[in-house]
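S.K.: From first to last, the protein sequence lines are chains A and B.
As numbered in my numbering, residues 1 to 315 make up the first sequence, in order.
As numbered in my numbering, residues 1 to 314 make up the second sequence, in order.
Even glycine gets a Cβ: it sits at the ideal position worked out from N, Cα and C.
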Amino acid sequence: MSVSLTPKPLEQSLAVRKAVRPVWAVLGERGLEVLIYLCGISAIVFVLGIFFFVAKEAFPILSNKNFRLSQFLFSDQWYPTSEVNKRYGVLAMIAGTFSVTALAMLIAVPFGLGAAIYISEFCGSKVKETLKIVIELLAAIPSVVWGFIGLTVMSRLIVKYTGTPVGVNILNGGIILALMSVPIIVSIGEDALKAVPDSFREAGLALGATRWQLVWRVLLPAAKTGLLAAVLLGVARAVGETMAVLMATGHAVHIPHGVLDSVRTLTANIAAELGEAPAGSPHYQVLFLTGVLLFAITFAVNLTADFIVRGIRRK
Amino acid sequence: MKKPNLHAVTCKLAPVIAAALFACLLQTGCGKSGTGDTAGGGASKQVTIQNKGSDTMVNLAQAWAEEYKKVAPEADVEVSGGGSGVGIAALVKGTIDIANASRNMKPEEIQTAKKNTGKEPKEFIVGYDALAIYVHKDNPLTEITLDQIAQIYMEGGAITKWSDLGVKIPGTTSDEIVRVSRQSSSGTYEFLREHVLNKQDFKLGSRDMNGSKEVVELVASARTAIGYSGMGYATPGVKMLKVMKKAGDTAYEPSVANTLSKTYPIARSLLVYTLGEPQGAVKKYIDWMLSDAGQKTVEATGYIPLPTDARTKP
Chain A
1 MSVSLTPKPL
11 EQSLAVRKAV
21 RPVWAVLGER
31 GLEVLIYLCG
41 ISAIVFVLGI
51 FFFVAKEAFP
61 ILSNKNFRLS
71 QFLFSDQWYP
81 TSEVNKRYGV
91 LAMIAGTFSV
101 TALAMLIAVP
111 FGLGAAIYIS
121 EFCGSKVKET
131 LKIVIELLAA
141 IPSVVWGFIG
151 LTVMSRLIVK
161 YTGTPVGVNI
171 LNGGIILALM
181 SVPIIVSIGE
191 DALKAVPDSF
201 REAGLALGAT
211 RWQLVWRVLL
221 PAAKTGLLAA
231 VLLGVARAVG
241 ETMAVLMATG
251 HAVHIPHGVL
261 DSVRTLTANI
271 AAELGEAPAG
281 SPHYQVLFLT
291 GVLLFAITFA
301 VNLTADFIVR
311 GIRRK
Chain B
1 MKKPNLHAVT
11 CKLAPVIAAA
21 LFACLLQTGC
31 GKSGTGDTAG
41 GGASKQVTIQ
51 NKGSDTMVNL
61 AQAWAEEYKK
71 VAPEADVEVS
81 GGGSGVGIAA
91 LVKGTIDIAN
101 ASRNMKPEEI
111 QTAKKNTGKE
121 PKEFIVGYDA
131 LAIYVHKDNP
141 LTEITLDQIA
151 QIYMEGGAIT
161 KWSDLGVKIP
171 GTTSDEIVRV
181 SRQSSSGTYE
191 FLREHVLNKQ
201 DFKLGSRDMN
211 GSKEVVELVA
221 SARTAIGYSG
231 MGYATPGVKM
241 LKVMKKAGDT
251 AYEPSVANTL
261 SKTYPIARSL
271 LVYTLGEPQG
281 AVKKYIDWML
291 SDAGQKTVEA
301 TGYIPLPTDA
311 RTKP
């Protein structure tokens, strides 16, 4: 009843304010609009700018006669500073990046999604608040601290329980990366589940579903795009992580045969060698080419995710 | 009712935000021009010393430059790395004042320098560096030959197991040697490659650590590991092997005395070169490097300082 009464005075007051609105206010608003527009497109400018810079530094190597792209992609011989025979193969590093990321996801996805479901659907409000705060704290730990934990605490535990001589390996890096990606998967996954309307839950319960049936048959299918986004952000975090894997994986150029082997990842290789590679040298250019490769990998991951999400939406 | 209110608030805030942004811009602008002025004003009295060369010595050279700035604020020492060869090449061309080198100049380089500039390069020993071979403290091995080190680390080298060296590591069933190395840009890596592996490449699959200290830490935690690093990084968890030139020779431990007497086989002098007798600011800088104050920095950065009688007196 009261709603039908309000429009008239509201319109009047608006009209009055518009009439007295000073010029600077109008200009100020325009200015802010332009500013926000610039902020909006800056992301595109930065991404393109970074890509062009990295590519510009990398591409001269393609015309170098000592460099073959097939060797770069399919050889595990990484001898960028050799005095007798320079070889630039990053296959071992690609294998390293993929093995560590895969192991991390194997651990982080079940844990992360499980925690998201528990927080969103099963626990009481007090537990929920505590868990959310603790998980956010987990996300706030700097990666170098994670690396340090891997190098000291985790490596000792791995040596103790598996009997392997060196504790810095895929298992160590995978666990550390999993711990780093879990908070992302949990918080985004929990948001996705929260976004499922309550009417779904009510309808499910009204039909006599148990809570488990509700989660498995109603909520997970309804939230799958959001959950997929959560997992893929976790993957991106794991692929791009540098400092922690540099410290925890053992940094050995070696195609792994098991989870207890040491590996080197693409990111760690760049971090370790770029600092002292003379600018403009073939070694420097190859490292930038590795950057382009990483860029391509993350781009492919994002694009696949985008297609999957669109496919799901269309259904 | 809420929407128009909010709108009004934004409108009122807009000029405030704009003013704040403007003020920020102004301030940063002033700050920049301020620093520019002081730098320009002081530049007339400054002397710049160009210093380039050995990657092994780049940290030491940087530390010297920073310390020297405190003693002689009028001198700017510009340090860059690239390798001993790069530094010597630049000196021969006459583009730098001081070249750092962890190897001696070759006779043909001295010839080129004489031909190009008419001056003879002058060499100063500014410190020493000893490379220690580390194993776990429980490893029964005490001595190793240079050839054994090469066979362990070199591409195609024959030694992969501790039993090849005739030892069994207590407390583990594993026999494989875990090689701990350095990343390829490290000077220590290049030193081992040049002087022990005879410029051959390393075996792939070694754990390449990012710092001298990390090598020692990993060796301390892995019973079957072997690693190389500066002798200054030793900890109670590791053991430094005595090194002999070849089987049957006396093995020497890495120590200050054995390094100075040149009996320890993988030690080297750290050198700086100038063209002709150094003059003016460059002479003052080198004299300072060789004084107690400069040698303290040598020790602080993990190298072996000159014996006291070889230092200059202030």
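Cβ closer than 8 Å: which chain B residues qualify as neighbours of PRO183 (chain A)?
M.R.: The premise fails here: PRO183 (chain A) is roughly 27 Å from chain B at the closest Cβ pair, so nothing lies under 8 Å.
S.K.: Classify LYS137 (chain B) as helix, strand or coil using the three-state DSSP reduction.
M.R.: If DSSP states are grouped into helix, strand and coil, LYS137 (chain B) belongs with coil.
S.K.: Considering only residues of the same chain and omitting the five flanking positions on each side of VAL167 (chain B), which have a CB-CB separation below 8 Å?
M.R.: So the qualifying residues of the chain are ASN139, PRO140, LEU141.
S.K.: Could you have a look at SER262 (chain A) and say whether DSSP puts it in helix, strand or coil?
M.R.: Coil at SER262 (chain A), not helix or strand.
S.K.: Have a look at B:GLU67, B:PHE124, B:ALA101, B:THR56 and flag the residue whose alpha-carbon is nearest the alpha-carbon of LYS283 (chain B).
M.R.: The option with the nearest alpha carbon to LYS283 (chain B) is B:PHE124.
S.K.: Taking 8 Å as the threshold (C-beta atoms), are TYR273 (chain B) and TYR128 (chain B) in contact?
M.R.: Contact flag unset, no.
S.K.: With ALA115 (chain A) and VAL186 (chain A) assumed to form a contact (beta carbons below 8 Å), what rounded beta-carbon distance in angstroms separates them?
M.R.: Correct: roughly 5 Å between the Cβ atoms.
S.K.: Tell me which residue opens and which closes the beta strand (DSSP E) that ASP208 (chain B) is part of.
M.R.: Run containing ASP208 (chain B): 207-209, per the beta strand (DSSP E) assignment.
S.K.: Can we say the segment 140-159 of chain A touches the segment 202-209 of chain B, given the rule of at least three CB pairs closer than 8 Å?
M.R.: At 8 Å Cβ cutoff, the stretches do not touch.
S.K.: Does the beta-carbon of PRO142 (chain A) have 16 or more other beta-carbons within 10 angstroms, so that it is buried, or is it exposed?
M.R.: Answer is exposed; the Cβ neighbour count stays below 16.
S.K.: Mark TYR161 (chain A) as exposed unless 16 or more other C-beta atoms lie within 10 angstroms of its C-beta, in which case mark it buried.
M.R.: By the neighbour-count rule (16 or more Cβ atoms within 10 Å), TYR161 (chain A) is not buried but exposed.
S.K.: Mind listing which residues of the segment 73-88 of chain A have their C-beta closer than 8 Å to chain B's C-betas, in chain order?
M.R.: Those would be ASP76, GLN77, TRP78, TYR79, PRO80, THR81, SER82, GLU83, VAL84, ASN85, in chain order.
S.K.: Kindly give me the distance between the Cβ atoms of ALA178 (chain A) and ALA268 (chain A), rounded to whole angstroms, as I take these residues to be in contact under 8 Å.
M.R.: Not confirmed; about 17 Å, so no contact.
S.K.: Counting along the chain, where does the alpha helix (DSSP H) carrying GLU29 (chain A) start and finish?
M.R.: Counting along the chain, the alpha helix (DSSP H) containing GLU29 (chain A) begins and ends at 23-58.
S.K.: In three-state DSSP terms, what is LEU193 (chain A)?
M.R.: LEU193 (chain A): helix per DSSP, three-state reduction.
S.K.: Does any residue of chain B bring its CB to less than 8 Å from the CB of PRO333 (chain A)?
M.R.: In the structure as shown, chain A begins at 1 and stops at 315. Residue 333 (chain A) is therefore absent and cannot be evaluated.
S.K.: For GLY205 (chain B), go through chain A and note every residue whose CB falls closer than 7 Å to its CB, in chain order.
M.R.: Result: ALA252, VAL253, HIS254.
S.K.: Spell out whether any CB of chain B is found under 8 Å from the CB atom of SER42 (chain A).
M.R.: It does not; no Cβ of chain B falls within 8 Å.
S.K.: Can you give me the start and stop residues for the alpha helix (DSSP H) that GLN200 (chain B) sits inside?
M.R.: First-last for GLN200 (chain B): undefined, no H or E at that position.
S.K.: So THR172 (chain B) contacts chain A; which residues on that side make the cut at Cβ distance below 7 Å?
M.R.: What THR172 (chain B) touches in chain A: PRO165.
S.K.: Measure from the C-beta of SER155 (chain A) to each C-beta in chain B and report whether the shortest distance is under 8 Å.
M.R.: Cβ-Cβ to chain B under 8 Å: yes for SER155 (chain A).
S.K.: Scan the segment 224-238 of chain B for residues whose Cβ lies nearer than 9 Å to a Cβ of chain A and list them as they occur along the chain.
M.R.: Within the segment 224-238 of chain B, the qualifying residues are THR224, ALA225.
S.K.: Would ILE117 (chain A) and LYS128 (chain A) be called neighbours here (beta carbons separated by less than 8 Å)?
M.R.: No. Outside cutoff.
S.K.: Can you tell me whether DSSP reads GLU78 (chain B) as helix, strand or coil?
M.R.: DSSP places GLU78 (chain B) in strand when its eight states are reduced to three.
S.K.: Can you check whether the C-beta of MET57 (chain B) is within less than 8 Å of a C-beta belonging to chain A?
M.R.: MET57 (chain B) does not count as touching chain A.
S.K.: Taking the alpha carbon of PRO60 (chain A) as the reference point, which residue from A:LEU303, A:ASP306, A:LEU289 has its own alpha carbon closest?
M.R.: Minimum Cα distance to PRO60 (chain A) is reached at A:LEU289.
S.K.: Tell me whether ALA220 (chain B) counts as near the ligand MG, meaning its Cβ is closer than 7 Å to at least one heavy atom of that ligand.
M.R.: Looking at this structure, you won't find the ligand MG or any other ligand, since it has none at all.
S.K.: DSSP has GLY230 (chain B) in a bridge; who is on the other side?
M.R.: Paired residue(s): B:LEU131.
S.K.: According to DSSP, is LEU293 (chain A) helix, strand or coil?
M.R.: Note: LEU293 (chain A) maps to helix in three-state DSSP.
S.K.: Tell me which same chain residues have a C-beta within less than 6 Å of the C-beta of GLY29 (chain B), skipping the five on either side of it?
M.R.: Summary for GLY29 (chain B): the model assigns pLDDT 40, below 50, so the residue's position carries little reliability; its value from the coordinates is reported in the next sentence. Same-chain partners within the cutoff: there are none.
S.K.: Taking beta-carbon pairs under 7 Å, can you tell me which members of the segment 187-203 of chain B lie near chain A?
M.R.: Listed by position, the residues of the segment 187-203 of chain B near chain A (Cβ gap below 7 Å) are LYS199, GLN200, ASP201.
S.K.: GLN50 (chain B) by DSSP, collapsed to three states: which one?
M.R.: Three-state result, GLN50 (chain B): strand.
S.K.: Using only alpha-carbon positions, find the residue among B:VAL86, B:LEU306, B:GLY232, B:LEU146 that is nearest to GLY248 (chain B).
M.R.: The option with the nearest alpha carbon to GLY248 (chain B) is B:LEU146.
S.K.: Grouping DSSP H, G and I as helix and E and B as strand, with all else coil, what is SER261 (chain B)?
M.R.: Correct three-state label for SER261 (chain B): coil.
S.K.: Just to confirm, are SER155 (chain A) and GLY174 (chain A) a CB contact at a threshold of 8 Å?
M.R.: Taking 8 Å as the Cβ cut-off, SER155 (chain A) and GLY174 (chain A) do not qualify as a contacting pair.
S.K.: To be precise: take each residue of the segment 231-252 of chain A, compare its Cβ to all Cβ atoms of chain B, and keep it if any distance is under 7 Å. Which residues remain?
M.R.: So the list reads LEU246, GLY250, HIS251, ALA252, given in the order they occur along the chain.
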